[in-house]
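Heads up, the thing below is written out as structure tokens.
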Amino acid sequence: MSGRVTKAVIPAAGLGTRFLPATKATPKEMLPVVDKPAIQYVVEEAVRAGLDDVLMVTGRNKAPLEDHFDRHYELEDKLEGDEGKRELLERIRESTDLATIHYVRQKDPRGLGHAVLCAAQHVGEEPFAVLLGDDLIDERDPLLARMIEVRQQHGGCVIALMQVPREQIELYGCAAVEPTADADVLRVTGMVEKPARGQAPSDYAMIGRYVLSPAIFDVLRDTAPGRGGEIQLTDAIQTLTDRPGDGGPVHGVVFRGRRYDTGDKLDYLRSIVQVAADRADIGPEFRDWLGKYVAKRLAEGDPIEPIQP
Ligand code: UTP
Numbered sequence: 058m059s060g061r062v063t064k065a066v067i068p069a070a071g072l073g074t075r076f077l078p079a080t081k082a083t084p085k086e087m088l089p090v091v092d093k094p095a096i097q098y099v100v101e102e103a104v105r106a107g108l109d110d111v112l113m114v115t116g117r118n119k120a121p122l123e124d125h126f127d128r129h130y131e132l133e134d135k136l137e138g139d140e141g142k143r144e145l146l147e148r149i150r151e152s153t154d155l156a157t158i159h160y161v162r163q164k165d166p167r168g169l170g171h172a173v174l175c176a177a178q179h180v181g182e183e184p185f186a187v188l189l190g191d192d193l194i195d196e197r198d199p200l201l202a203r204m205i206e207v208r209q210q211h212g213g214c215v216i217a218l219m220q221v222p223r224e225q226i227e228l229y230g231c232a233a234v235e236p237t238a239d240a241d242v243l244r245v246t247g248m249v250e251k252p253a254r255g256q257a258p259s260d261y262a263m264i265g266r267y268v269l270s271p272a273i274f275d276v277l278r279d280t281a282p283g284r285g286g287e288i289q290l291t292d293a294i295q296t297l298t299d300r301p302g303d304g305g306p307v308h309g310v311v312f313r314g315r316r317y318d319t320g321d322k323l324d325y326l327r328s329i330v331q332v333a334a335d336r337a338d339i340g341p342e343f344r345d346w347l348g349k350y351v352a353k354r355l356a357e358g359d360p361i362e363p364i365q366p
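Mind the numbering: the sequence shown is residues 58 to 366 in this note's numbering, read in order.
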């Protein structure tokens with residue numbers, strides 16, 4: 058089907074109000090998950106899926122993002138002169154050499170749909186991927202490559218879906234779906250952003266990965282502000298569900314792997330614990346400490362709830 062996906066767009070211009078005051082002067086995508094900012098994991102994922110042309114949509118705090126993916130000569134000189142710091146030198150160069158990164162400014166944070174529209178000129182007439190900078194997908198469970206495959210097969214747009222407990226669906230965009238011949242692929246017939254209780258068409262929640270047809274840009278230009286007064290990407294994709302051959306159809310890839318949501322405080326803490334526990338270097342010591350910490354709290358009579366998977 059028409060057009061190879063080569064470009065990734067990463068919107069990182071949101072206000073990050075759930076993380077204030079930490080995000081007053083720093084984009085939330087720069088908050089560290091162990092020792093790398095969340096956004097570096099996302100750029101690495103795009104590159105693994107074969108997308109090394111990355112456009113970041115930034116807002117008023119864009120300097121830390123640009124600096125992170127740029128060279129830091131002073132620091133490199135210092136580390137270069139110290140034999141013991143070679144590995145660190147390699148690690149700080151990783152972010153610089155990862156991909157070709159471009160930037161565009163979203164002047165007002167008018168919503169995710171508006172942020173994606175800011176990418177129109179850079180993307181042109183090609184299908185492209187969108188990766189939200191606060192949603193991390195574990196590299197052991199590749200999702201984007203599968204979504205690109207589904208786009209090659211069906212054209213149109215492909216979104217990522219995850220089944221969530223019914224009582225949590227109101228926190229997400231939700232998709233009405235029909236089965237296809239592939240067990241992990243659903244045809245999307247409708248979408249609603251954060252449905253009111255009892256109004257959700259399914260328990261399939263949208264997560265922060267999209268492969269979109271360039272027809273989305275014209276639709277976004279005509280999309281009025283929706284929920285929360287913001288231009289919603291969900292509303293624009295919903296329009297394309299009715300337009301096979303003209304930006305549609307829309308399919309969903311069902312993701313059952315490991316995902317870390319770093320967008321709010323509790324999820325961010327869970328993400329750090331899980332990523333740290335899995336690391337080869339600090340993991341064993343951290344797991345040992347964590348086990349003892351939980352055991353101690355339990356012994357003291359603290360009702361510690363089990364962590365949700
Ligand atoms: P969120 O819905 O998490 O909003 O955005 P937010 O402003 O970042 O955070 P809160 O809710 O105030 O705490 C989802 C993604 O879309 C980007 C964000 O940077 C995040 O990656 N976004 C959102 C934009 O780039 N521009 C916007 O106008 C809104």
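All C-beta atoms in this analysis are idealised placements derived from N, C-alpha and C, irrespective of residue type, glycine included.
At the level of alpha carbons, what is the spacing between Phe76 and Val187? In a straight line, the C-alpha of Phe76 is about 22 Å away from that of Val187.
So, does the region 286-294 touch the region 165-174, judging by three or more C-beta pairs under 8 Å? Proximity of the region 286-294 to the region 165-174 meets the contact definition, three or more beta-carbon pairs being nearer than 8 Å.
Pick out whichever of Leu136, Ala272, Gly230 has its Cα sitting closest to the Cα of Gly60. Ranking Leu136, Ala272, Gly230 by Cα distance to Gly60 puts Ala272 first.
For Arg197 and Pro68, the rounded distance between their alpha carbons: For Pro68 and Arg197, the distance between alpha carbons rounds to 24 Å.
Where Gln163 sits in the DSSP three-state scheme: Coil, per DSSP.
Residue range of the beta strand (DSSP E) that includes Tyr317: It spans 316-318 - the beta strand (DSSP E) in which Tyr317 sits, taken as one unbroken run.
Assumed close pair Val104, Leu218 - CB separation to whole angstroms, cut-off 8 Å: Contact between Val104 and Leu218 is ruled out by a C-beta separation of about 24 Å, above the 8 Å threshold.
Close-in-space but distant-in-sequence residues of the same chain around Ala82 (CB under 7 Å, 5 per side omitted): Only Asn118 meet the Cβ criterion.
Helix, strand or coil for Lys251, going by three-state DSSP, please let me know. In the structure shown, Lys251 falls within a coil segment according to DSSP collapsed to helix, strand and coil.
Entirely within the region 189-231 and at least 4 residues each: give me those alpha helix (DSSP H) ranges in chain order. The alpha helix (DSSP H) runs lying completely inside the region 189-231 and spanning 4 residues or more are 201-211, given in chain order.
Mind the definition here: the region 220-233 touches the region 125-139 only if three or more C-beta pairs lie below 8 Å; say whether that holds. Contact between the region 220-233 and the region 125-139 is absent, because fewer than three Cβ pairs lie under 8 Å.
Cα-Cα separation between Pro121 and Ile329, rounded to whole angstroms: Take the alpha-carbon of Pro121 and the one of Ile329: they are about 21 Å apart.
Distance between beta carbons of Val114 and Gln175, contact taken as under 8 Å: Note that residue 175 is Cys in the sequence shown here, rather than Gln. The C-beta distance from Cys175 to Val114 rounds to 5 Å, short enough to meet the 8 Å contact threshold.
Taking DSSP as the reference, what is the three-state secondary structure of Ile129? With the sequence shown as reference, residue 129 is identified as His, and Ile is not the correct amino acid for it. Here His129 carries a coil assignment [DSSP, helix/strand/coil].
Between which residues of its own chain and Met58 is the CB-CB distance below 6 Å, once the five residues before and five after are set aside? For Met58, the pLDDT reaches just 49, beneath the cut-off of 50, and the residue's location in the model is therefore unreliable, although a value from the coordinates is still provided. Excluding positions up to five away in sequence, the list reads Gln209, Gly212.
Is it buried or exposed for Thr157, if we count other Cβ within 10 angstroms and need 16 for buried? Burial check for Thr157: the Cβ neighbour count within 10 Å stays below 16, so the residue is exposed.
Complete alpha helix (DSSP H) runs within the region 290-353 (minimum length 4 residues, chain order): Within the region 290-353, the complete alpha helix (DSSP H) runs of at least 4 residues are 290-297, 322-335.
Cα separation between Tyr317 and Pro301? C-alpha separation (whole angstroms): 33 Å.
If you check the beta carbons only, do Gly247 and Ala233 fall under 7 Å apart? The answer is yes: Cβ separation under 7 Å.
Three-state secondary structure assigned by DSSP to Pro84: Residue state, collapsed to three classes: coil.
What does DSSP give as the partner residues of Glu235 in its beta bridges? In the DSSP output, where bridge partners are listed per residue, Glu235 has Arg244.
Which partner residues does Ala186 have in the DSSP bridge list? Paired residue(s): Ala65, Val268.
For Lys251 and Leu347, I'd like the C-alpha separation in whole angstroms. Going from the Cα of Lys251 to the Cα of Leu347 covers about 35 Å.
Is Gly190 close to the ligand UTP? I mean its beta-carbon at under 6 Å from any heavy atom of the ligand. In this structure, Gly190 has its CB closer than 6 Å to one or more heavy atoms of the ligand UTP.
According to DSSP, is Lys135 helix, strand or coil? Helix.
Pairwise C-alpha distance: Pro341 and Lys353: Their backbone Cα atoms lie some 18 Å apart in a straight line.
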